[in-house]
Amino acid sequence: MTPPEPKPRVLVVDDNADAADTLGSLLTLFDYEVAVAYSGADALALGDAFRPQCVILDVAMPQMDGCATARYMRQRTWGRQACIIALTAWGDDDTHVCTVQAGMDVHFTKPVKADALLAVLARVSA
């Protein structure tokens, strides 16, 4: 019997600590290895050590927003290969353009359906 494929390491980034921690806990229940950061700068530092295969990134954050954070992530070795998912309350066209130009792979508007998010993570695992 072949063991199941390991699930990707997921970095959750949101300045709302409750939202970040809740999502991180949910993903842990689904056997993902999860790290949580509450700012863009912390996400970059944590990403360098954790080397996530997937990043779930809020867009509206102080100091360094999610689009700027994603652009910096894409400059790192681990970030070039990572699936970066925008998870934001902003669903307008300008925000969507920003996430695409920043190199994010998927754009979800909060609240996201768990099944939709888990489906993207499953594709990263495959």
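If you count by the working numbering, then the sequence shown holds residues 61 to 186, one letter each, in order.
Heads up, the beta-carbon is just placed ideally off N, CA and C, and yes, glycines get one too.
Treat the numbers as computed from the prediction; the structure is a model and nothing was measured.
- Item | W150 versus G163, R131, F168, residue with shortest Cα-Cα distance | Stepping through the sequence shown from its first residue, residue 150 is reached at position 90. Ranking G163, R131, F168 by Cα distance to W150 puts F168 first.
- Counting pairs of Cβ atoms below 8 Å between the segment 81–91 and the segment 124–136, do you hit three or more? no
- Item | Check whether Q113 and R140 have beta carbons under 8 Å apart | Position 53 of the sequence shown, counted from the start, is the residue given in the question as residue 113. Position 80 of the sequence shown, counted from the start, is the residue given in the question as residue 140. Not a contact, by the Cβ cut-off of 8 Å.
- Report all residues from its chain with a CB closer than 7 Å to the CB of V96; omit the five preceding and five following residues, and keep chain order. One-based indexing of the sequence shown puts residue 96 at position 36. Once the five neighbours on either side are set aside, the close Cβ partners of V96 are V72, A80, D81, G84.
- So who's on the other strand from R69, going by DSSP bridges? Here residue 69 is taken as the residue at index 9 of the sequence shown, counted from 1. R69 pairs with E93.
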